[in-house]
Amino acid sequence: MNKARTLTEGAMNLAIFIVLLLITIYVPALGVLAAFTLSIPFIIYTVRHGLKNGIFMVIIAIPITLLLGTYVLLPFALMFGISGVVMGHLFSKTKLAYVVLLGGTVSFALTLLLQFVVAGVFLNIDLQGFFQQSVNDSIQRSEEIMKSVGQVPVEEEIELIRENMRMMTYLIPTVLVGAGVILAFVTQLLSVPVLKRLGHKPVSFPPLRDLRLPKSLLWYYLITLVCSLIPLDEGSFGYIAVINLLMVLQWLMFLQGVSFLFYYFHSKGRSKAIPVVITIIALVIPPAGTVLRIVGIVDLGFNLRKNNSES
Numbered sequence: 027m028n029k030a031r032t033l034t035e036g037a038m039n040l041a042i043f044i045v046l047l048l049i050t051i052y053v054p055a056l057g058v059l060a061a062f063t064l065s066i067p068f069i070i071y072t073v074r075h076g077l078k079n080g081i082f083m084v085i086i087a088i089p090i091t092l093l094l095g096t097y098v099l100l101p102f103a104l105m106f107g108i109s110g111v112v113m114g115h116l117f118s119k120t121k122l123a124y125v126v127l128l129g130g131t132v133s134f135a136l137t138l139l140l141q142f143v144v145a146g147v148f149l150n151i152d153l154q155g156f157f158q159q160s161v162n163d164s165i166q167r168s169e170e171i172m173k174s175v176g177q178v179p180v181e182e183e184i185e186l187i188r189e190n191m192r193m194m195t196y197l198i199p200t201v202l203v204g205a206g207v208i209l210a211f212v213t214q215l216l217s218v219p220v221l222k223r224l225g226h227k228p229v230s231f232p233p234l235r236d237l238r239l240p241k242s243l244l245w246y247y248l249i250t251l252v253c254s255l256i257p258l259d260e261g262s263f264g265y266i267a268v269i270n271l272l273m274v275l276q277w278l279m280f281l282q283g284v285s286f287l288f289y290y291f292h293s294k295g296r297s298k299a300i301p302v303v304i305t306i307i308a309l310v311i312p313p314a315g316t317v318l319r320i321v322g323i324v325d326l327g328f329n330l331r332k333n334n335s336e337s
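So for the sequence shown, the working numbering puts the first residue at 27; every next one is plus one.
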């Protein structure tokens with residue numbers, strides 16, 4: 027009976043995944059929202075029936091996905107299936123919401139990276155070159171539009187844009203990690219109420235004001251910052267590794283600063299709207315973001331929260 031129930035639930039969750047996948051591909055208006063739910067059937071099944079059955083569901087999903095269309099749909103089954111199984115397993119094994127987020131981020135980022143590598147090696151698709159060419163075409167069209175309305179494009183500004191866009195091609199690993207964080211975070215937020223509805227007790231995220239990153243990250247940040255001052259050949263492995271590590275660590279310091287911001291205003295009994303507005307401003311205005319990142323560094327190094335509570 028238990029085995030029959032396991033197979034029945036597996037078939038139901040697989041059918042739900044297929045429906046969500048078809049909506050993602052063929053219904054643009056709902057596609058984005060549906061994409062964030064693609065891992066949920068795998069999460070539910072893994073939480074209820076264990077890791078082995080979750081992996082088996084992913085294996086079965088692969089040929090079924092191929093039958094629906096071309097190999098283009100296969101990455102969806104692999105990425106959302108594997109990530110769903112990982113997150114479902116962590117949901118059932120840990121009481122820490124950030125552990126689930128970390129596992130989901132790593133699995134999403136690695137599967138995205140795998141797709142990037144496969145596209146370049148086996149399908150001979152140069153995504154980095156495609157991105158660079160798209161940027162050049164966009165800049166050229168902008169120059170033509172400016173000339174058509176009687177404006178003369180400033181060469182220094184155009185060159186600055188090209189330089190920034192070239193830098194973006196080196197930050198593809200950071201982009202993959204960022205995409206992994208967003209996918210994992212939204213998937214986790216959507217999964218928690220569904221699991222609760224089914225009778226499970228998944229852990230929710232604690233308040234942002236309670237977030238404390240490991241103090242060791244501060245040393246990694248300082249070491250990477252020193253390494254960024256060393257002249258490296260542009261495009262080399264060392265150059266790409268350093269700028270990506272620095273970018274990721276800067277965002278983590280910014281997150282620490284945001285966490286302190288929410289803690290500070292909460293301790294003063296102020297409205298949550300204040301730190302929310304300040305965070306939005308810091309995201310839009312780079313100098314404000316730098317200040318908030320410095321606050322995060324100081325909080326991580328000198329424990330401002332302890333000092334604030336004592337005062």
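We put the beta carbon where it would ideally sit given N, CA and C, even for glycine. Note that this is a predicted model, so its numbers are computed, not measured.
Starting from residue 307, trace the alpha helix (DSSP H) in both directions and tell me its first and last residue.
299-310
Take residue 103 as the anchor and find which of 78, 134 and 255 has the nearest alpha-carbon.
134
Just how far apart, CA to CA, sit residue 27 and residue 232?
Low per-residue confidence applies at residue 27: pLDDT is 48, beneath 50, and the placement is therefore not dependable enough to give any value.
Three-way DSSP call (helix, strand, coil) for residue 51 in this model
helix
How is residue 229 classed by DSSP in three states: helix, strand or coil?
coil
Would you tell me roughly how many angstroms separate the C-alpha atoms of residue 269 and residue 246, rounded to the nearest one?
13 Å
Within 10 angstroms of the Cβ of residue 357, are there 16 or more other Cβ atoms? Answer buried if so, exposed if not.
It is not possible to answer for residue 357, since the shown part of the chain is limited to 27 through 337.
Among 50, 66, 74 and 213, nearest to residue 33 - alpha-carbon criterion:
74
Contained alpha helix (DSSP H) runs [length at least 4] in the segment 54-135, N- to C-terminal order
54-61, 66-75, 77-94 and 100-119
According to the neighbour-count rule (16 or more other Cβ atoms, all chains shown, within 10 Å of its Cβ), is residue 67 buried or exposed?
buried
Spatial neighbours of residue 65 in its chain, beta-carbon cut-off 7 Å, leaving aside the 5 residues before and after:
106, 109, 110, 113 and 213
Distance, residue 221 Cα to residue 55 Cα:
26 Å
Quick check: the Cα distance between residue 256 and residue 243, rounded to an integer number of angstroms?
20 Å
Euclidean distance between Cα positions of residue 261 and residue 316:
26 Å
Using a threshold of 8 Å, state whether the C-beta atoms of residue 126 and residue 116 are closer than that.
yes
Expected contact under 8 Å - CB spacing of residue 48 and residue 86 to nearest Å
Not a contact, Cβ separation roughly 17 Å.
Could you tell me which uninterrupted alpha helix (DSSP H) segments, each at least 4 residues in length, are contained entirely in the segment 241-277, listed from first to last along the chain?
242-254
Which word fits residue 254, buried or exposed, when buried means at least 16 other C-beta atoms lie within 10 angstroms of its C-beta?
exposed
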